Structures are given as C-alpha cells and as structure tokens.
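Engineer: Once you've had a glance at the structure underneath, I'll fire off some questions.
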Amino acid sequence: MFLLPNFIYLIQNVLFVALIILMMLIFCNMLYKFLPFPTNHSRLVLQGKTVLITGASSVNYTQINFLLNLIYFYGAKLILASRSIDQLEKICADLDIHNKYNANKGKLYRPTFLRLDLEEVANNEEKLEEFVKTIKLLLSNTNLNEPKLDVLINNAGQMAYGSGQRMNLNVLRRMINVNFLGHVAISQRLMDWIPDDGAIVLVSSIVGRVALPYLGAYSASKHAAQGFFDSLRAEDRPQLHILTASVGYVNTSLAINSLNEKGKTIGRTDPGQVAGMSPEYSAREIVAAVERRETDLLLAPFIPRLLLSLRLATPNLLWFLLHRRFRNIYGNFGKCCED
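With this note's numbering, the residue at position 189 of the sequence shown is 189, and numbering never jumps.
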C-alpha cells in the first residue's frame, strides 16, 4: 500500500517531463519555420534545372553513371566536367541514344561537357579562370543578364591507401588538391551564380567524419572538405541549400584507380567496397536528399554509424577496434603494385 503513492508520484513526474519535452519540440518546430533554413524552400524539382557535375567520367565508379542517368531523365540540363573529354563525349552520346527511345513524356535536354582537372584548378589560377569562362559561356544561352547555375554537384575525387608515416607528401598534396581545394575553388567562383533555392552538393565519404587506418591522406582531405562546407553553410547565405553526402562503402571498383603511399596506381578492388551498398541505391538516395532539401546525408549501414557514436563516447576504444580490424585489411593493401 505504501508503494502506490510513490508509483503515482513517479508516473506524474514522467508525464510532466514528457509534456515539457513535447512543448519544447513544438516550440522548436514553430521557430524552425521562421528561421532562414534551406529546408523552408519548396521541394527542388530537377526538371529544367541547370546542373553541373564534376568527376562525370569516372568509368570505374558506377555510382556516377546512375547519378547522371537519374538527373538526366528527371529533365535537368546537364553540364558534365571531367579530365577525360573522350569519356565525356561517349557519355553524352549514350544519353542521347537513350533519349531517342525514352518513353518518358517530359522534355529532355542534350547534355554539354567541358574538361576539368581539379588538381590544375587548385594550383593554377589561369586554369581556374579558363574553366569559369567556359562555364559562363555555357550558362549564357538564356535570356538572363547574369549566368544562372541551379545545382553544383562536387563529385570528383580519388582515394589513396597507405601508412600515414610512410605516405609520400606528393600523394597527400594530390588528395588535398583533388578532394578539397579543387571543390573549394570551383564552389567559390560559381557560388554567386547559384540562387538560394538552388543547391551545392558535396559527395563525400564516411571517412570525412571518422578516419580509418591506412586511409589517412584520403580521410584528411574528406575531413577538410566536410569542415569547409559545414562552415560555408552557416556564413553569409544561410538560405542557400548546401548538402554534404557522407557515403559509406559502395560496390564499385573505385579503388582500382587509387594510389598507394608511393603514388603508384593500386589496380585492385577494395574488399570493403565489394561488400558495400549498390551504386544504384546510393545514387537514388543522394538525388532524393537533394530534392528534399536535406543538408547532411549520412548514407551508411549500422556499423559505420556505430563508429561515429564510439568516436564521441569512447574514442580510445574506437582506435583500438579500428587497429584490430583494419591492420591486416589495409596495412598491405597498396603494396601489391610495388616493384
């Protein structure tokens, strides 16, 4: 009998706390609607939008193939940029062929392309100016006084495997240039042409949030890009939609063109990527996140998400587990291509 009043008192306290939390959530939701967030824009419809995608000719990176096809068949005006003009020509020709046999009633636009080497634009101001002028010409085929770019997708990138202690600094510089500074240079110069209801997308990696052993150079470049675009999101244009997509393992052969610690091409598939999510699924999720006006997409299964939680809760345990897990997987991964 004496336990009953205590039980009722406990229930009252729990209900009171629940009510306070509910009121706070309602208040935050109401406040959220009045703050200048990109999610206050209407859903982004890609039909008729001009979309620039870097790294568009990554032959071994199947995710970009699905990404291009999705955006193209949604009716966007594609501008493709990459180092390989031959591959870009082939991709555009393939899209045109699909267009002829397309059952979709919506209007499709013939894609255009231009050459872009992110390492060049990161180190050479003249190359950057040349790229910007070409983009301006491609965007000037409208009745607008100023060029307008609706969506910029920073997709280009390269991986490097190897010990942080033995990593050649030239390989580290290349990772920083391709995965970070190149994207920054392009985004800085084109940002004024992107309206607030447009979007800047950074296709990043889960290692931009938690570093993995023997991926130090790649992780560092992705951490740098993550930090820059997170900061940019909270600066002068809070209404501009900036999405960072942190993608986990995808079942592609991206690692084949990756570098080892001495700068040589690895030429083999990462076993982690073979067991990863399908490239079609990852591409669809990225496009859906752009349409929904998301600002931070974590596209990874349970284990990578658990690593992020361990990074905050018990970092020393995380480092120990990563050491035990990846020492034999990635420790000798890049040595297969050495003489």
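C-beta atoms are modelled at their ideal positions from N, C-alpha and C, and glycine is treated no differently. Note that this is a predicted model, so its numbers are computed, not measured.
1) So, for L215: in the same chain, excluding its five sequence neighbours on each side, which residues have a beta-carbon less than 6 Å away from its beta-carbon?
2) Within 10 Å of its beta-carbon, does F27 have 16 or more other beta-carbons around it, so buried, or fewer, so exposed?
3) What are the start and end residues of the alpha helix (DSSP H) that includes D230?
4) In terms of DSSP beta bridges, what is D296 paired with?
5) Would you mind giving the Cβ-Cβ distance between L46 and G75, rounded to the nearest angstrom? I have them listed as a contact below 8 Å.
6) Given V17, which residues of its chain have a CB within under 6 Å of its CB, disregarding the five upstream and five downstream residues?
7) Whose C-beta lies closer than 6 Å to the C-beta of E280 among residues of the same chain, with five residues either side of it excluded?
8) Could you check if N251 is buried or exposed, using at least 16 other CB atoms within 10 Å of its CB as the buried criterion?
9) Out of H323, G276, T50, state which residue places its alpha-carbon closest to the alpha-carbon of R110.
10) What is the DSSP secondary structure of R115, reduced to helix, strand or coil?
11) So for V59, helix, strand or coil by DSSP?
12) Output needed for A394: all residues of its chain with C-beta closer than 6 Å, excluding positions within five of it in sequence on either side, in chain order.
13) Could you tell me whether the region 237–246 touches the region 262–272, where touching means 3 or more Cβ pairs closer than 8 Å?
14) Helix, strand or coil for S282? Go by DSSP, reduced to three states.
15) If we call anything under 8 Å between Cβ atoms a contact, is L172 one with A217?
Structural biologist: With the structure as the only source:
1) Your numbering for residue 215 matches position 215 in the sequence shown. Correct list, in chain order: V207.
2) Here the question's residue 27 lines up with position 27 in the sequence shown. Exposed, by the Cβ-count rule.
3) Position 230 of the sequence shown, counted from the start, is the residue given in the question as residue 230. Looking at the DSSP string, the run of the alpha helix (DSSP H) that includes D230 is 216–233.
4) Sequence index remark: in the sequence shown, residue 296 carries index 296 (1-based). Paired residue(s): T244.
5) Numbered from its first residue, the sequence shown carries residue 46 at position 46. Numbered from its first residue, the sequence shown carries residue 75 at position 75. Rounded, the Cβ-Cβ distance is 6 Å, consistent with contact.
6) For the purposes of this step, residue 17 is taken as the residue at position 17 of the sequence shown. Closer than 6 Å at Cβ, skipping near neighbours: no residue.
7) In the sequence shown, counting from the first residue as 1, residue 280 sits at position 280. The residues are F66.
8) Here residue 251 refers to the residue found at position 251 when the sequence shown is read from its first residue. It counts as buried.
9) The residue labelled residue 110 in the question sits at position 110 within the sequence shown. Comparing Cα positions, the closest option is T50.
10) Position 115 of the sequence shown, counted from the start, is the residue given in the question as residue 115. Here R115 sits in strand by DSSP.
11) Counting from one through the sequence shown, the residue named residue 59 turns up at place 59. In this predicted model, V59 has a pLDDT of only 48, less than 50, meaning its place in the structure is not dependable enough to derive any value.
12) Given that the chain is displayed from residue 1 to residue 339, the structure contains no residue 394 and the question cannot be resolved.
13) no
14) Residue 282 sits at position 282 when you count from the first residue of the sequence shown. Helix, per DSSP.
15) To locate residue 172, count along the sequence shown from 1; it is residue 172. To locate residue 217, count along the sequence shown from 1; it is residue 217. Closer than 8 Å, so yes.
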